[in-house]
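The next block holds one structure in the form of structure tokens; read it before the comments.
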Amino acid sequence: MSEKMPITGLSAVELAAFVAEHGEPSYRAVQIFKGLHARRLRSFEQMTDLPSAFRQKLNEIAVISTLSVESRYYSEDGTRRFLMKTADGMPVEAVFIPSEKRDTICFSSQSGCPLKCDFCLTAKLGLLRNLTAGEIVEQIVIVLNDIYGVAGETPHGTNLVAMGAGEPFLNFDNLLKAVSVMSDKDGLFIVPNRITISTAGIVPKIIDFAALEKRPNLAISLSAPNDELRDRLMPINKRWNIDAIMRAAQVLERSLRRGERFTFEYVLLRGVNDTAAHAEELAELLRKYRLKRVKINLIPHNPAEQLDYYPSAPEQVARFKRLLESRGVSAYVRRPRGSDIYAACGQLAAKQEANLVKITASGRAA
Ligand code: SAH
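Counted the way the working numbering counts, the sequence shown spans residues 2 to 367.
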């Protein structure tokens, strides 16, 4: 017997083909797609609009769930961190970040990460493997169900950010496939402009991305204004340096539609890249390449025991931001969320047990 088909990553069209192979009409595929994504059902039994014989058959030929939730951590600020595992035992993490206006789910594109960014804890894991489109979509479904219940309404929509573990542009096809499944109006219906991809600067993929018709927002992690420093902090810079990134950013900027902008992320590391001279150098870089439709997201470093970096002091962060603004660059400071449960940027894969309140499936502290 052949293996069961994991169907959460299939597009509506692929699902129709799968259903047709098994002699069922295409409207059944629409029912299944809506069941999986719009209603976020986790078993075929729950799809009561399908005939019971077909539900039974689906159990034999297909599988909905390939990720299991290992543990959940709840932060004082409402952030929730989810540790999951793939069917072959690879760790996957996602984070739910509530806010008054709109919640955000931060998801992973890879298990582990091959890039060796010196300030990031996930880097210590190395790459385990790329996640499938289905495993990417499933993270979102699992998180939404945990917050709102299976088939529950999402009260005010959700933003998605590919800022969990992994380098999304090294898993480009699966990532874009997941984006297209998640934005389907018969499904989760999270439209691309509510989704942000963050890349460490895989230049050829930035160029490919710029050519896409329908696409999410892009953030590029810069974190240093010169090659000498960036080589040290982000070794990927030896492959594609700042000049290559800036030229790709020019291509991206030319492809933006009206009102769109893109982002450079800049992790502020105390005494390393956060001085007034660094801020000037960064502003000068944007001027030199004539990049205008860009904003800078300043991310004070989230520390961890295994990392030799510390966050810049708040006054230093404020000064860095002011200096950029005085040179006409829009800059924002990202407030760290969920750092008490190691859910903040670059902390995933950190302490899984120690000092954390683990929440059991019943929602009580274990
Ligand atoms: N690989 C992608 C996406 C994952 S990281 C990328 O590099 O963009 C998402 C963001 O968190 C990146 O901007 C990264 O530079 C930042 N980051 C990594 N470690 C961090 C840390 N310890 N504190 C704060 N931000 C961190």
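Each residue gets a CB set at the ideal place from its N, CA and C atoms; glycine is no exception. Remember, predicted model here, so these are calculated numbers, not experimental data.
Cutoff 8 Å; reference residue i; Cβ partners in own chain excluding five residues on either side
i	result
I207	F170, T200, L219, I221, I246, A249, A250, V252 and L253
S363	Unreliable placement is indicated for S363, whose pLDDT of 35 sits below 50; the coordinate value is still reported in the next sentence. For S363, where only same-chain residues beyond five positions count, there are no Cβ hits under 8 Å.
R29	V20, L51 and F55
D275	L269, S313, Q317, V318 and F321
Backbone CA spacing between residue i and residue j [nearest angstrom]
i	j	result
D89	L129	11 Å
L230	A305	21 Å
A17	A212	28 Å
I360	G113	Here the model assigns I360 a pLDDT of 37, short of 50, so the residue's position is not dependable, and the following value carries that caveat. When rounded, the distance between both Cα atoms is 23 Å.
N146	S256	36 Å
A39	Q32	10 Å
L126	F97	22 Å
T264	I148	29 Å
I243	A319	25 Å
I65	L59	10 Å
R73	P99	15 Å
R81	N175	25 Å
K215	R258	11 Å
R328	P205	30 Å
A367	R288	For A367, the pLDDT reaches just 33, beneath the cut-off of 50, and the residue's location in the model is therefore unreliable, although a value from the coordinates is still provided. Taking the straight line joining both Cα atoms gives about 53 Å.
N303	Y311	7 Å
D291	E25	The identity of residue 291 in the sequence shown is Arg, whereas the question assumes Asp. Distance between the alpha carbons of R291 and E25: 56 Å.
L132	G167	9 Å
G339	S53	43 Å
T123	K239	20 Å
E326	Y333	10 Å
A355	E71	Here A355 scores only 39 on pLDDT, less than 50, and its place in the model is too uncertain to base an answer on.
E46	S12	21 Å
E281	P236	23 Å
F210	R262	14 Å
R271	A63	51 Å
Q111	I198	13 Å
M48	L286	55 Å
K117	K296	25 Å
F34	H23	16 Å
D119	L324	26 Å
Nonlocal neighbours in the same chain, by C-beta distance under 7 Å from residue i, ignoring five residues either side
i	result
V180	P193, I196 and P217
V138	T9, G10, A179, V182 and M183
V151	R41, L42 and R43
I191	T159, L161, M183 and S184
S27	A17, V20 and A21
E136	T67, L68, T87 and V93
L84	E71, S72, P92, E94 and Q353
T155	L145 and Y149
D228	N238, N242 and I243
Run of the alpha helix (DSSP H) containing residue i, from where it starts to where it stops
i	result
Q32	S27 to F34
E71	Here E71 belongs to no alpha helix (DSSP H); instead the beta strand (DSSP E) covers S69 to Y75.
A280	A277 to K289
K206	V204 to A211
P315	P315 to S327
I62	S53 to I62
S184	F173 to S184
L161	That residue, L161, is in no alpha helix (DSSP H); its beta strand (DSSP E) goes T159 to A163.
S106	The amino acid at residue 106 is misidentified as Ser; the sequence shows Ile. Not the alpha helix (DSSP H): I106 falls in the beta strand (DSSP E), residues D104 to C107.
G135	A134 to Y149
L230	D228 to L234
S256	I243 to S256
L16	A13 to E22
Residues that DSSP places opposite residue i in a beta bridge
i	result
E94	L84
V334	L299
P7	V64
P312	L270
Residues near residue i in its chain [Cβ-Cβ closer than 6 Å; skip 5 each side]
i	result
S224	L234, Y267 and V268
L283	P226
F173	K206
V142	R41
W241	G202 and V204
D104	T159
Run of the beta strand (DSSP E) containing residue i, from where it starts to where it stops
i	result
S112	Q111 to G113
L129	L128 to N131
N218	N218 to S222
F263	F263 to L269
D78	Careful: D78 lies outside any beta strand (DSSP E) and carries neither H nor E.
I196	I196 to T200
Heavy atom of the ligand PLP within 8 Å of residue i beta-carbon
i	result
F120	This structure lacks the ligand PLP; its bound ligands are the ligand SAH.
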